[in-house]
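In what follows, a structure is listed as structure tokens, so that the remarks can point back to it.
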DNA sequence: GCCGTTGATGCACACGAGTGCAATTCACCA
DNA sequence: TGGTGAATTGCACTCGTGTGCATCAACGGC
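Protein chains in written order, with our numbering: chain A, 17 to 366; chain B, 17 to 366.
Right under this line is the structure:
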């Protein structure tokens with residue numbers, strides 16, 4: 017019953033040959049038993065399964081990948097885990113990959129320009145594809161991936177690369193929804209707090225915001241754009257100081273933040289340091305709808321991204337391209353929705 | 017200059033043989049060039065490197081793993097990405113693994129009892145080890161890992177498995193610190209809000225809390241333990257209702273929550289639904305010190321876990337056991353620290 | 001009873017790399 | 001000049017698996 021035929025050798029991995037020996041069949045039969053669609057008689061299959069069970073045999077996926085020249089490893093490149101938005105996208109991503117028999121190899125590109133190194137490392141693992149949630153690959157690397165038929169999908173990033181698919185939220189529309197919401201609340205002195213390191217999504221959100229503001233064209237509307245010095249809560253804090261430390265009649269009364277996290281910082285400072293009420297004196301709209309956005313302290317009105325949809329679409333595109341590598345690039349844009357809680361309300365509203 | 021010798025074949029991966037051909041050396045020479053410590057002349061190395069560079073050669077790590085019978089894949093098993101504490105541990109984990117040339121294979125065990133399946137799957141990848149941030153393996157699987165010399169390290173979990181290392185925070189001490197802090201603030205009617213699905217860490221925190229409370233032994237101190245119905249913000253919300261919906265003189269004035277997230281929910285309800293001030297009427301202490309704990313809205317006094325330390329220690333233990341598989345199990349306990357912000361203060365304090 | 005067809009099985013090769021061993025080169029010293 | 005040693009190099013084997021091809025048995029139709 018014991019598996020330790022070799023006593024205490026350095027490695028006890030059970031191979032297909034071991035199973036074959038025990039089942040009294042050829043190694044090929046074992047291989048075929050574990051290969052869906054191969055030709056094996058019911059009798060052999062049962063013998064093999066019994067032996068495999070008894071020995072605790074598991075197919076060596078690495079060896080299989082070698083012979084099939086196709087691994088089921090998929091690289092996931094993130095840059096830091098600081099963003100609270102990341103887990104929301106990671107969870108469905110992993111589960112979707114798992115559903116398709118793919119395994120996520122996690123890579124952290126600390127700095128945005130380090131994506132290059134991560135992507136290069138991934139090639140050593142002969143990944144079946146790569147999903148980028150951050151950063152954009154340098155063009156020659158994108159070409160190398162394309163030449164090697166290793167599909168790349170970028171989430172919420174834009175880069176016009178041949179053969180690289182993009183899946184993202186409708187950032188423009190999100191910005192527009194935010195503008196409409198704030199204007200409807202009666203806000204007239206609007207501001208947009210963007211993240212630093214000009215991200216594409218950040219710019220798009222701002223553009224959508226401005227555009228909608230102009231379209232609605234309410235009289236006496238002013239607009240101001242500022243860029244936070246950090247992409248996180250602290251960035252919202254300092255942005256708030258810059259935005260609110262001025263005479264009351266010059267202060268914005270409606271602020272759209274590029275991120276819920278920025279909005280948290282801004283709201284806290286508005287309330288704490290400046291004694292404003294939010295909602296009430298100041299209307300705030302965020303972006304992402306991370307879990308904390310529904311916390312009572314913030315009751316954040318925000319633009320929700322369909323993280324599950326993004327992940328599913330990304331994996332779908334990846335798999336499609338694995339099967340047909342020379343597909344033209346596609347850029348999917350998924351709808352966003354306005355989640356109205358309370359932070360967008362103004363006391364003076366009509 | 018083009019790599020496409022075979023025009024548009026299905027696969028363009030460059031192999032060591034290609035490099036050897038181009039450099040005019042044997043395949044062994046190529047292999048040795050990329051194997052640290054192997055014997056290659058400077059001249060050959062340069063020829064190989066030049067050819068490799070020109071062709072864009074990358075060692076196939078999967079093939080290398082096969083021949084060396086030792087992969088550098090390490091399984092990381094999490095259960096869901098819901099906990100905001102997770103990113104804090106994931107980030108240093110990935111970076112520490114990377115530093116040692118190991119690559120993280122991410123597995124999501126949605127339900128706690130699904131860890132078994134994840135661990136079993138990992139064996140197919142011949143992982144060099146596994147790190148569990150959640151759930152405990154069934155005993156026979158732990159034995160299988162041990163027999164195969166695949167080290168397993170559990171973070172913040174306890175299970176007395178032969179050959180399985182454990183790295184965790186000093187939860188007892190954390191609970192004690194919380195109790196001391198609340199008592200020092202003048203709280204006398206204490207409560208502990210635990211997570212559901214009795215986790216080891218949750219029980220330990222409660223035990224440490226009680227123990228310290230008894231040791232300090234202030235007169236007229238009462239204690240109450242309740243279990244949230246969910247481990248997240250919403251769990252804190254419902255726990256707060258159960259705890260506070262009673263005559264004022266029976267309400268706790270100092271609450272310790274097993275998690276910052278629970279504490280957020282509790283604070284919001286205390287303020288919103290019951291009109292209490294926190295700090296002021298109610299003192300609250302959390303656990304973890306996740307990024308949002310420092311938000312102005314909460315200014316959460318909390319017990320900080322050394323996530324970086326946990327990750328580094330976990331990887332260190334993993335690597336040690338990779339080199340010496342039959343080491344006795346070790347259980348590391350890392351210190352926690354009290355981070356005093358404002359949520360623990362009471363207006364009535366002396 | 002013979003032959004063609006179908007299905008199962010095993011042999012042998014391949015995937016891409018590391019490495020022991022023997023052969024070769026080269027320098028250096030006596 | 002011959003011998004000794006070290007340093008390099010290439011051959012060939014190996015890791016664990018998938019799979020084309022040939023073989024073989026069984027079976028059914030004539």
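Built from N, CA and C at the ideal position, the CB exists for glycine as well.
None of the values given here were measured: they were computed from a predicted structure.
In this structure, the alpha-carbon of residue 297 (chain B) lies about 11 Å from that of residue 202 (chain B). In the structure shown, residue 77 (chain A) adopts helical secondary structure according to DSSP, grouped into three states. Only exposed fits residue 176 (chain B), as fewer than 16 other CB atoms lie within 10 angstroms of its CB.
Among the bridge pairs identified by DSSP, residue 273 (chain A) is matched with A:209. Annotation for residue 92 (chain A): the continuous beta strand (DSSP E) segment containing it runs 89-94. Of all residues in the segment 53-84 of chain A, only 72, 74, 75, 76, 77, 78, 79, 81, 82 come within less than 8 Å of chain B when Cβ atoms are compared, listed by chain position. Judged by DSSP in its simplified three-state form, residue 189 (chain A) adopts helix. By a beta-carbon distance limit of 8 Å, residue 359 (chain A) does not contact residue 285 (chain A). Their separation comes to about 14 Å. Nearest CB-CB separation between residue 167 (chain B) and chain A: not below the 9 Å threshold.
Close to chain A, meaning a Cβ-Cβ distance shorter than 8 Å, are the following residues of the segment 308-330 of chain B: 308, 310, 311, 312, 313, 314. In chain A, no part has a C-beta under 7 Å from the C-beta of residue 153 (chain B); the shortest such distance is about 15 Å.
Excluding residues up to 5 positions away in sequence, 187, 190, 191, 274, 303 lie with their Cβ nearer than 7 Å to the Cβ of residue 221 (chain A) in the same chain. Judged by DSSP secondary structure, residue 119 (chain A) falls within the beta strand (DSSP E) whose first and last residues are 119-124. Chain-order list of chain B residues neighbouring residue 144 (chain A): empty, with the shortest C-beta distance near 12 Å, by a criterion of under 7 Å.
In this structure, DSSP gives residue 174 (chain B) a state outside helix and strand, which the three-state scheme calls coil. With the criterion set as a beta carbon lying under 9 Å from some beta carbon of chain A, the members of the segment 115-132 of chain B are 119, 120, 121, 122, 123, 124, 126, in sequence order. At a Cβ-Cβ threshold of 9 Å, residue 118 (chain B) and residue 89 (chain B) count as neighbours. DSSP, reduced to helix, strand and coil, places residue 317 (chain A) within a strand of the structure shown.
Neighbours of residue 251 (chain A) in chain B, taken as residues at a C-beta separation under 8 Å, are lacking, since the least C-beta distance is about 12 Å. Residue 225 (chain A) carries a helical assignment under DSSP once its states are collapsed to helix, strand and coil. As DSSP reads the structure, residue 301 (chain B) sits in a beta bridge with B:272, B:317. For residue 148 (chain A), not one C-beta of chain B is nearer than 9 Å to its own C-beta.
In the displayed model, residue 355 (chain B) falls within a strand according to three-state DSSP. Cα atoms of residue 316 (chain A) and residue 34 (chain B): separation of roughly 58 Å, rounded to the nearest angstrom.
Taking 8 Å as the upper bound for CB-CB distance, residue 124 (chain A) and residue 96 (chain A) are in contact here, some 7 Å apart.
In summary, residue 39 (chain B) is buried, with 16 or more beta-carbon neighbours lying within 10 Å of its beta-carbon over all protein chains present. Within the model, the alpha-carbon separation for residue 193 (chain A) versus residue 225 (chain A) is close to 8 Å. For residue 120 (chain B), the number of other beta carbons within 10 angstroms of its own is at least 16, and it is reported as buried. In this structure, the beta-carbon distance from residue 135 (chain A) to residue 184 (chain A) does not fall below 9 Å.
Residue 102 (chain B) reaches chain A at 103, counting residues in chain order whose Cβ is nearer than 8 Å. With respect to the 9 Å criterion, residue 282 (chain A) and residue 259 (chain A) are classified as neighbours on the basis of their beta carbons.
Residue 164 (chain A) has a beta carbon lying within less than 9 Å of a beta carbon in chain B. Residues of chain A whose Cβ lies closer than 9 Å to the Cβ of residue 180 (chain B) do not exist; the shortest such Cβ separation is about 17 Å. In the structure shown, residue 348 (chain A) falls within a strand segment according to DSSP collapsed to helix, strand and coil. Under the three-state reduction of DSSP output, residue 114 (chain B) falls in the helix class. Only residues of its own chain outside the window of five on either side were considered, and among them 195, 199, 206, 237, 239 have a CB closer than 8 Å to the CB of residue 229 (chain A), listed in chain order.
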